[in-house]
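Numbering (this note's numbering), first residue to last: 12 to 378.
From the three backbone atoms N, C-alpha and C, an ideal C-beta is built for every residue, glycine too.
In this text, all values refer to a predicted model and were calculated from it rather than measured experimentally.
See structure below.
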Amino acid sequence: MKLKKIGLTNFRNYGDLELEFDKNIICFTGLNGQGKTNIAEAVSVLGLLTSFRTGSYSEMIRFGEEGFFIKGEFFNSSGRDIEVVISYDGNIKKIMYQNKRITRFSEMWGKIPVVYLIPDESIITTGPPAARRDFCDRLISLTDSEYLQILNEYNSVIKQKNKVLSEMKAGISQSSELIAIYNSKIASAGSGIYIKRTEFIKNFLPYFVEIFDFISDGLYAGNIIYETIMDEKDYEKSLSVTLREQKIQEIKRGISVIGPHKDDLDFMINGRSLRKFGSKGQHKLFLVALKLAGTEYIKSVTDEYPIFVLDDLYSEIDEHKSLKVAKILDKDIQTFITTSNSRIIDQLDQNVSQLFRVDNGNCTAVF
Ligand SMILES: Nc1ncnc2c1ncn2[C@@H]1O[C@H](COP(=O)(O)OP(=O)(O)O)[C@@H](O)[C@H]1O
Ligand SMILES: [Mg+2]
């Protein structure tokens, strides 16, 4: 997937901006606070409909304005043009895909795949299990709309069950049968999630292992292990039994604690837990490899490389590693890079790159 034109109106610190792209590497450089990440954000909002910085469209409206408008003209690997227009008037989101109004995010999910690597994502390797589940859930959803559906269904049952559990804990209600109904839904949707997650890991892992080996100069062997307290031979049965056994416990705690929303991914480096023993540099490298492997995974399933957004290049990787990353991205993956480090200019090959200088909401082409 490639973005060939983007238009922003009253988006973040841009009044009116229109840029055209005809190369694979598109780099934005400039001092901090000038609007580089804002452009990267707009690119990913066009593809994913959500921002990597905020859950609120209002924050993206230019200060003092009433709404924003962004437009992207893409083309995919079969040469088909795709137009996405998103407008927000401070009240209503209007998303147009090929001139057709999209009313649910899921209708467009995965149509314009975008993989991003942004500074605060270190949470994926260092943070709580939820961050790792989210990483894996997002990648699967991008290529499998059925998964998104099961996941939404599952989350909505957990939410309903939590409400009842907290009422039971407070002694407001006595809905024991309701819990049994929720538990049976949790067991079936939950095992569906487990099956798709483990299938994903099986397919994703070879890409990850190869890339991690390559960018670490052969130093690190990576591995990812799905971690659950369930019996993996029959996840559904085990989940169902555990839910029954832990029912009283869950009521006591007033919250649902059994199911794949508690599973984790164990990231391993040279046979040891990254989270427990990894250095800062190893964490960063692991994350970079995870993201790069994501692009290969998406390509393997959809036959389309995603757009890659690399915000703040040198905050994640040093120059030597960034050359290796560039080698991986060289396979016709359109990549948007932001960096305040002007040394990037010497590293860019003008035949395949475009460089823009960003200065206080103005963006001008250097080459
Ligand atoms: N909604 C908004 N309206 C106008 N300006 C904004 C808005 N949100 C952020 N900004 C401005 O954008 C700038 C930061 O842009 P950013 O893209 O993060 O910078 P950087 O070039 O460091 O990546 C700041 O000056 C900030 O005040
Ligand atoms: Mg930035």
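Phe63 and Ser55 have their alpha carbons spaced roughly 8 Å apart. The chain-ordered list of residues whose CB is nearer than 7 Å to some heavy atom of ligand 2 reads Asn43, Lys47, Thr48, Asp322, Asp323 and Thr349.
Bounds of the alpha helix (DSSP H) holding Ile226 are Ser187 to Ile226. Following the DSSP letters along the chain, one finds Ser251 inside the alpha helix (DSSP H) bounded by residues Tyr246 to Glu256.
With 16 or more other Cβ atoms inside 10 Å of its own Cβ, Phe22 counts as buried. Ser69: not part of any beta strand (DSSP E); DSSP gives it neither H nor E. With fewer than 16 neighbouring CB atoms inside 10 Å of its own CB, Thr61 falls in the exposed class.
Remark: the shortest separation between the CB of Ile17 and any heavy atom of ligand 1 does not fall under 7 Å. Scanning the region 43-97 for uninterrupted beta strand (DSSP E) segments of 3 residues or longer gives 79-86, listed from N- to C-terminal end. In the three-state reduction of the DSSP assignment, Asn371 falls in the coil class, being assigned neither a helical nor a strand state. Distance from the CA of Thr349 to the CA of Arg115, rounded to the nearest whole angstrom, comes to 31 Å.
In the structure shown, the three-state DSSP call for Lys342 is coil. At a cut-off of 7 Å, the beta-carbon of Asn24 counts as near ligand 1: some heavy atom of the ligand is closer than that. For the set Gln293, Asn35 and Asp274, the Cα lying nearest the Cα of Asp148 is the one of Asp274.
Out of Ser89, Asn102, Ile106 and Lys335, the CA that lies nearest to the CA of Val96 is found in Ile106. Met12 places its beta carbon less than 8 Å from that of Tyr316. Under DSSP, Ala376 shares a beta bridge with Phe367.
Here the region 172-191 does not lie against the region 206-225, with fewer than 3 beta-carbon pairs under 8 Å apart.
The region 155-164 and the region 202-214 touch, with three or more beta-carbon pairs separated by less than 8 Å. The three-state reading of DSSP puts Arg23 in coil, since its state is none of H, G, I, E or B. In terms of CA proximity to Tyr108, Glu118 leads the group Ile50, Arg354, Glu118 and Glu330. Ile280 has Gly233 and Arg283 as its beta-bridge partners, per DSSP. Counting of Cβ neighbours within 10 angstroms places Gly75 among the exposed residues, the total staying below 16.
Asn49 and Phe211 have their C-alpha atoms some 32 Å from each other. Shown here, Arg144 sits in a helix according to DSSP, grouped into three states. Here Glu29 carries a strand assignment [DSSP, helix/strand/coil].
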